[in-house]
Amino acid sequence: MSKLIYILLGVFFLFSCRKDLIENITPFEFNAPDYFPTLHYSFNNNEVTQEKFDLGKRLFFDKLLSSDNTISCESCHAQVHAFADHNVALSSGVEGRLGFRNSPTLANLAWSPSFMWDGGVNHIEIFSVAPITDSTEMNETMQNVIDKLNADASYVQQFKEAYGVNEVDDQAMFRALTVYMMMIVSDESKYDKWMKGKTSFTQEESAGKDLFEQKCSSCHSGALQTDYSFRNNGLDAVFTDLGRGRITLEENDYGKFKVPSLRNVALTYPYMHDGRFFNLRDVLDHYDEGIVASETLDPLLTSGIPMTEEEKDAIAAFLETLTDYELLNTYWLNQ
């Protein structure tokens with residue numbers, strides 16, 4: 117048999133196998149480890165499909181959602197920073213307007229019962245209203261956004277393919293954005309590989325994990341390192357930002373902010389709701405010796421969290437294991 121025939125047979129075999137693989141690809145779906153907490157978001161009325169995801173991704177990266185077409189969701193939630201802002205304390209919006217809070221990561225939102233630092237949004241499907249209509253951030257009206265989307269025939273076609281609607285509406289828009297954000301799952305860090313029995317911690321990382329569980333897990337609990345509660349962690353005696361109290365109008369909520377997940381925390385600096393601490397050591401120093409007393413201070417922090425310098429090094433080493441570098445390079449989350 118000639119070499120050419122061997123080559124042709126090889127090409128035929130390759131494409132036959134490729135066709136078989138393509139025909140048996142697993143449907144596009146939401147997946148998460150079994151050691152994660154109970155999922156909060158229900159996909160019953162918004163199941164994941166490739167069409168919905170593609171539409172949500174396009175919307176997430178589209179600056180058309182802002183009044184001057186300069187700001188998109190991705191502007192303050194970049195994949196390179198684990199879908200947090202670009203390592204700035206406060207986020208910038210249209211016309212360079214500066215916000216008053218730090219933009220947190222969007223990873224693993226499917227488990228969160230509330231959103232924003234103050235919990236002012238209680239459902240992910242209306243989460244996007246806040247940044248779009250905020251005068252400092254995207255400064256738009258929902259009607260203008262819907263009008264702009266309906267003026268684009270390619271968007272109208274995508275909405276029809278994804279949700280079966282003949283014109284763009286806000287419910288379909290919010291649900292598409294939700295599908296994209298729900299698929300931002302961070303579960304491939306060294307910590308996750310350790311949970312799956314695929315790697316081991318160094319001596320310092322292991323010591324840091326033990327210390328973290330002793331000193332930090334009352335609030336930063338579970339596989340996502342948060343209990344989703346609202347707490348005053350001793351930043352100020354006088355509150356320029358009322359935090360949870362801004363929503364509830366209850367004095368006992370003044371100065372309380374949502375306990376954030378610590379996934380990818382090494383990448384999402386600066387820290388706290390106003391980005392006042394630039395590195396993890398500053399945060400640990402705060403809990404060790406910087407707690408400021410006030411009426412709503414969390415009782416767990418009355419005496420701070422004493423730590424030696426060696427203990428801080430170990431805890432920081434453990435926190436580094438929560439970095440999911442694969443999330444930063446997940447190609448299908450890119451524009």
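Residue 451, in my numbering, is where the sequence shown stops; the numbers in between run on with no holes.
Every residue, glycine too, gets a C-beta built ideally from N, C-alpha and C.
Small disclaimer: the values here were computed from a predicted structure and weren't measured.
| Check | Outcome |
| --- | --- |
| Close Cβ partners of M254 (< 8 Å) along its chain, the five nearest in sequence each way excluded | L181, S182, S183, I187, G209, V210, P247 and I248 |
| Under 8 Å between C-beta atoms of T294 and I240 | yes |
| Cα-Cα separation between L155 and Q273, rounded to whole angstroms | 32 Å |
| DSSP-derived helix/strand/coil call for P365 | Checking the sequence, you will find Leu at residue 365 rather than Pro. L365 falls in the coil class under three-state DSSP. |
| Backbone CA spacing between L416 and Y387 [nearest angstrom] | 20 Å |
| Buried or exposed by the 16-neighbour rule on C-beta atoms within 10 Å, applied to S228 | buried |
| Residue from D414, T412 and G420 whose Cα sits closest to the Cα of H402 | G420 |
| Start-end ranges of the beta strand (DSSP E) lying completely within the region 253-280, minimum 3 residues | none |
| Classification of E139 by the beta-carbon crowding that lies within 10 angstroms, buried from 16 upward | At E139 the pLDDT is 40, less than 50, meaning the model places this residue with poor confidence and gives no usable figure here. |
| Own chain, CB closer than 8 Å to S219, minus 5 neighbours either side, in chain order | C192, H193, A200, D201 and S207 |
| Cut-off 8 Å between Cβ atoms - residues of its own chain near G235, not counting five sequence neighbours on either side | F346, R360, I363 and K374 |
| Integer Cβ distance of A223 from N380, believed to fall under 8 Å | 6 Å |
| Three-pair Cβ contact test at 8 Å for the region 170-180 versus the region 340-355 | no |
| Identified DSSP bridge partners for K331 | DSSP lists no partner for K331. |
| Pairwise C-alpha distance: P422 and Y279 | 54 Å |
| For S322, three-class secondary structure by DSSP | helix |
| Terminal residues of the alpha helix (DSSP H) in which T249 lies | V245 to T249 |
| Cβ-based neighbour list, R134, same chain, cut-off 7 Å, excluding 5 preceding and 5 following | Confidence at R134 is low in this model, with a pLDDT of 43, below 50, so its placement is unreliable and no value can be given for it. |
| Simplified DSSP state of V196, which is helix, strand or coil | helix |
| Sequence-distant residues of its chain with Cβ nearer than 7 Å to E256 (five each side left out) | L181, S182, S183, I248 and T249 |
| Rounded separation between I141 and A148 - CA only | Summary for I141: the model assigns pLDDT 41, below 50, so the residue's position carries little reliability; its value from the coordinates is reported in the next sentence. C-alpha separation (whole angstroms): 18 Å. |
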